[in-house]
Amino acid sequence: MTLKKEKPKNRTVYYFRCEFAKIEGVAVKDTLETMTKSAWLKLNSTEERTFYIGEERSVVGMKLSSRKAKLSYGNRDCTLFSVGLYEEGASANTINKPSKASAELEAGTYDAPIDQEFLDGEGFVCIFGNHLIMSPAATFRASVINGFLSSLIEKGGYVKESNVMDIQQVADIDVVKTIEDEGVSNIVVNAVSYLSTLEYIKRIDPKEKISGKLQKITKMVKGVLDVLRDDDTDAEILEKEGLNAKVVISHDGRTSGNDADIGQEHAKDTAKLLASTNVGGYVITTKSGTKLTNEDTVLKHTVKVKRHGKSVDRDKMWLKLVESLEAYEREGILEQ
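Below is the structure:
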């Protein structure tokens, strides 16, 4: 019997940068890469590198490695690791193979073998200094990996550093150029989607930093909901009562002069800010009619990797991440 040739799996690769807030009394001397390696080696068992993230799920640091990256100024080491997401004691669902003899199907369950858990998703990361090239699984966001890194270095002895660490997604430079060239007509923020993604990020990584202007946008969205509430929480309004609200920031193209130019720059800055964050629920419309959402604005690309069960081959995925790092360095993106 001829075996069916297995097709490679698509994985999305994202680029993030880590920065450390400058706070009096906190001197950050090492890069995120250095702290990650040090903490990982200090926490030398998988149990020590397992962190609960809520909803009965945990994320575990699985394997750490290093590779040589071929950069324009010579070969340099970069650090690679993988993380796994699982729900302790959870069973997997199964169904019988569809057949002409069956009119209906029932979902069954299957328990994991003793001392094993079903893997709900696997994420892969390449760190070079404070640059992160990562591919989270479809089952969890990049914020799970960011939260893992924060918990890892904190537990590994870098408590102050973890409190000032800020990992931010990088916007696609072509999208930023589009915003600059075409200008901004309006930005529409959907309260349900925006607050849901923000709440998810904060739940997974409580230390996630929110910039000042993003805090203002959040207050604006919550302020609209204040009109609808008695003593209800945001969740009660959005989920139980089924109400929603939209905040629209628009620029009147009929105006002209210095003040109008200043207003347009404010609109552009707000659009670029949203484009560089992990939050969703917004649509940016340029003056040329181009519409941009969170899926359009972040710097990302898709790679094909050999399958490994429901995940992908770790070493081949790591190779793709190193190749992405090399490409971004050649294109000057790491320095932007």
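Per the numbering used here, the sequence shown starts with residue 6, numbered consecutively.
C-beta: ideal position from N, C-alpha, C; glycine also.
Selected residue, minimal CA-CA separation from residue i, among the options
i, options, result
"S71", "G161, P103, V130 and E52", "V130"
"T183", "K292, E24, K68 and K325", "K292"
"V342", "V308, I58, L324 and L278", "Shown here, the chain extends from 6 to 341; a query on residue 342 therefore has no answer."
"V50", "M67, D186, R81 and G258", "Here residue 50 turns out to be Ser, not Val, going by the sequence shown. Comparing Cα-Cα distances from S50 to each of M67, D186, R81 and G258, the minimum goes to M67."
"K309", "R22, V317 and T144", "V317"
"S329", "R312, V175, K305 and H313", "K305"
"E159", "G94, S87 and F56", "F56"
"A332", "M139, G152, W45 and L76", "L76"
"A143", "E336, V175, V18 and G337", "V18"
"P13", "Q174, E334, E340 and T307", "T307"
"K207", "R62, N151 and N249", "N151"
"L324", "S87, I58 and S107", "S87"
"S140", "Q269, R335, L326 and E336", "L326"
"K10", "I58, K311 and S43", "K311"
"A272", "G262, D257 and V284", "D257"
"S255", "R81, G268 and V229", "G268"
"A176", "A280, N15 and L69", "A280"
"T202", "E270, V284 and N249", "V284"
"K42", "D82, D274 and Q220", "D82"
"T282", "N80, Y78, Y199 and E38", "Y199"
"G337", "G59, Y78, E38 and L48", "Y78"
"F153", "N263, E340, D231 and E53", "E53"
Which of helix, strand or coil DSSP assigns to residue i
i, result
"K75", "strand"
"K407", "Nothing about residue 407 can be reported from this structure: the residues present for the chain run from 6 to 341 only."
"E159", "helix"
"K325", "helix"
"K68", "strand"
"T183", "helix"
"L304", "coil"
"L339", "helix"
"G188", "coil"
"D35", "coil"
"N263", "helix"
"G268", "helix"
"K105", "coil"
"L110", "coil"
"L330", "helix"
"G228", "helix"
Residue i - partner residues in DSSP beta bridges
i, result
"T2", "The question about residue 2 has no answer here: the residues shown for the chain are numbered 6 through 341."
"V193", "V253 and V288"
"D82", "K73"
"S153", "Inspection of the sequence shows that residue 153 is occupied by Phe rather than by Ser. According to DSSP, F153 bridges with nothing at all."
"N15", "K309"
"M139", "Y19 and V130"
"M170", "F25"
"S316", "H313"
"S63", "Y57 and Y91"
"K296", "T290"
"Y115", "A97"
"A176", "V303"
"L124", "Y91"
Residue-level contact to chain C via CB, residue i, 8 Å cutoff
i, result
"N299", "Among the chains of the structure shown, chain C does not appear; only one protein chain is present."
Cβ neighbours of residue i in the same chain (closer than 6 Å, five flanking residues each side left out)
i, result
"T290", "S190, N191 and K296"
"G89", "V65, M67, L124 and E127"
"F21", "L137, I172 and Q174"
"A44", "L157, I158 and G161"
Residue i CB to nearest heavy atom of the ligand NAP below 7 Å
i, result
"P13", "By its list of ligands, the structure shown contains no ligand whatsoever, and the ligand NAP lies outside what it can speak to."
Own chain residues within Cβ distance below 7 Å of residue i, not counting five before or after
i, result
"V1", "The chain is shown only over 6 to 341; residue 1 falls outside these bounds and no answer can be derived."
"A276", "I184, V189, I192 and I289"
"D301", "V180"
"V303", "Y19, Q174, A176 and D177"
Neighbourhood of residue i by C-beta distance below 8 Å, restricted to the same chain and skipping five residues each side
i, result
"M40", "I158, G161, Y163 and E166"
"Y205", "R146 and S148"
"P103", "L110"
"K321", "V310 and K311"
"E61", "E92, E93 and A95"
Check your understanding: Would you say the stretch 113-121 touches the stretch 97-104, given that touching needs at least three Cβ pairs under 8 Å?
Key -> Yes, the stretch 113-121 touches the stretch 97-104.
Practice item. Specify whether the stretch 160-168 and the stretch 17-37 touch according to this definition: at least 3 beta carbon pairs, one from each stretch, less than 8 Å apart. Key: They touch, by the three-pair rule.
Check your understanding: Just checking, does the stretch 20-28 make contact with the stretch 135-149 on the three C-beta pairs under 8 Å criterion?
Key -> By the criterion of at least three beta-carbon pairs nearer than 8 Å, the stretch 20-28 is in contact with the stretch 135-149.
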